[in-house]
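J.:
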Amino acid sequence: MVAMVHTNNVTGVSIPAKEIVREAHDRNALVMLDGAQSAAHRPIDVEDMDVDFFAFSAHKMLGPSGVGVLYGKRALLERLRPLIGGGGSVGLTDYENVTFLPPPEKFEAGLMNYSGVIGTGAAVKYLSDLGMEAVCEHESELNKTATAGLQDVASVSILEPQDARHRDGILSFNVKGMTSHDVAMIADEVAKVEIRSGMHCVHPYFLSRGMDGCARASFYIYNTKEECKKFVDTVKFIADTFSS
Numbered sequence: 004m005v006a007m008v009h010t011n012n013v014t015g016v017s018i019p020a021k022e023i024v025r026e027a028h029d030r031n032a033l034v035m036l037d038g039a040q041s042a043a044h045r046p047i048d049v050e051d052m053d054v055d056f057f058a059f060s061a062h063k064m065l066g067p068s069g070v071g072v073l074y075g076k077r078a079l080l081e082r083l084r085p086l087i088g089g090g091g092s093v094g095l096t097d098y099e100n101v102t103f104l105p106p107p108e109k110f111e112a113g114l115m116n117y118s119g120v121i122g123t124g125a126a127v128k129y130l131s132d133l134g135m136e137a138v139c140e141h142e143s144e145l146n147k148t149a150t151a152g153l154q155d156v157a158s159v160s161i162l163e164p165q166d167a168r169h170r171d172g173i174l175s176f177n178v179k180g181m182t183s184h185d186v187a188m189i190a191d192e193v194a195k196v197e198i199r200s201g202m203h204c205v206h207p208y209f210l211s212r213g214m215d216g217c218a219r220a221s222f223y224i225y226n227t228k229e230e231c232k233k234f235v236d237t238v239k240f241i242a243d244t245f246s247s
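Numbering-wise (our numbering), the sequence shown opens with residue 4 and increments by one.
#1: By the three-class DSSP mapping on this structure, what secondary structure does S266 have?
#2: For L104 and R30, I'd like the C-alpha separation in whole angstroms.
#3: What residue range does the beta strand (DSSP E) around S60 cover?
#4: Pull up the distance between the alpha-carbon of Y117 and that of H62, whole angstroms please.
#5: Taking the beta strand (DSSP E) that A220 falls in, what are its first and last residues?
#6: Spatial neighbours of G66 within its chain, please: CB distance less than 6 Å, with the 5 preceding and 5 following residues excluded, ordered by chain position.
#7: Taking D166 and S143 to be in contact with their CB atoms under 8 Å, please state how far apart those CB atoms are, rounded to whole angstroms.
#8: In this structure, how does DSSP classify T237 when only helix, strand and coil are distinguished?
#9: How big is the Cα-Cα spacing for T150 and S160?
#10: Specify, as a first and last residue, the run of the alpha helix (DSSP H) that D185 falls within.
#11: For I47, count neighbouring Cβ atoms within 10 angstroms of its own Cβ and tell me buried if that reaches 16, exposed if not.
#12: So, does the stretch 128 to 148 touch the stretch 223 to 233, judging by three or more C-beta pairs under 8 Å?
#13: Expressed to the nearest angstrom, what Euclidean distance is found between the alpha-carbon atoms of K232 and V196?
#14: Indicate whether the contact test is met: 3 or more Cβ pairs, each with one atom in the stretch 97 to 111 and one in the stretch 76 to 86, closer than 8 Å.
#15: Thinking C-alpha only, which one of L145, F234, R25 and P207 is nearest V13?
#16: Could you give the uninterrupted runs of the alpha helix (DSSP H) lying entirely in the stretch 110 to 169, keeping only those of 4 residues or more?
#17: Report, in whole angstroms, the separation of the C-beta atoms of L162 and C217, which I expect to be a contact under 8 Å.
#18: Rounded to whole angstroms, what is the Cα-Cα separation between G71 and M115?
#19: In three-state terms, what does DSSP make of M64?
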């Protein structure tokens, strides 16, 4: 099996999934895509990509924490053995054997996080009603505006690619002479601008480049042009005041 990240959560770059899936299938390999960073930001058509498995989390798409979603081709899900068994997932048991129900029930043993699942469904409906094309366009426009505002600041370095069109809603950057944690902390304290900092669970990416992390702004549907300008002004203030 080939397992890949669909969209990088540091750079915002997406792989050409459909082409890669085709190449993998030509070599009799299954493909699983991690869609945690893509499912909430762009239209996803698992059938068009012909991907075998596609996984994503609810918390990045306006849903509650603690809920994950796995899509799989039915024939493969029927072959897949559950990690655990229990009430609601089995059809018949005895002292030596267990017969599981068909998917998806066989993967849903015991009491589920029902409120979380319902909340996830509501989030999916909300985004579907908005239209994922509109979501993608909105955050891309904000990213282009923010990128243009920071590109000429000498002490601010934006992680590749420089072209915001290839980064969805993600803008990762560093300020010369400062740690990403300090940048994020000051942005919060002086302007209540909330960004992430550190290695973002992708340590090999930074270690291979001799970096200790980055600050990351992630634009989404609830962000406005005014907030985008506030973010740019805040980073400029930090760079002008604290950069060495």
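All residues carry an ideal CB built from backbone N, CA and C; glycine is no exception.
Note that the structure is predicted; figures quoted are calculated from it, not measured.
T.: Taking the coordinates as given:
#1: Lying outside 4 to 247, the shown extent of the chain, residue 266 is not represented and no answer is given.
#2: Rounded to whole angstroms, L104 to R30 spans 32 Å at the Cα level.
#3: Counting along the chain, the beta strand (DSSP E) containing S60 begins and ends at F56 to S60.
#4: Their Cα atoms are separated by approximately 15 Å.
#5: Start and end: C217 to S221.
#6: Around G66: G122, T123 and A126.
#7: With a beta-carbon spacing of about 11 Å, D166 and S143 fall beyond the 8 Å limit used to define contacts.
#8: T237: helix per DSSP, three-state reduction.
#9: In a straight line, the C-alpha of T150 is about 10 Å away from that of S160.
#10: Start and end: S183 to A194.
#11: A residue is called buried once 16 or more other Cβ atoms fall within 10 Å of its Cβ, and I47 is buried on that count.
#12: The stretch 223 to 233 and the stretch 128 to 148 touch, with three or more beta-carbon pairs separated by less than 8 Å.
#13: Their backbone Cα atoms lie some 11 Å apart in a straight line.
#14: The stretch 97 to 111 is in contact with the stretch 76 to 86.
#15: Taking only the C-alpha atoms, the option nearest V13 is P207.
#16: Taking 4 residues as the shortest admissible run, the stretch 110 to 169 contains the following complete alpha helix (DSSP H) segments, listed from N- to C-terminal end: 117 to 133 and 135 to 153.
#17: L162 to C217, Cβ: 6 Å. Contact.
#18: Counting only the Cα atoms, M115 lies some 12 Å from G71.
#19: Here DSSP, grouped into helix, strand and coil, assigns M64 to helix.
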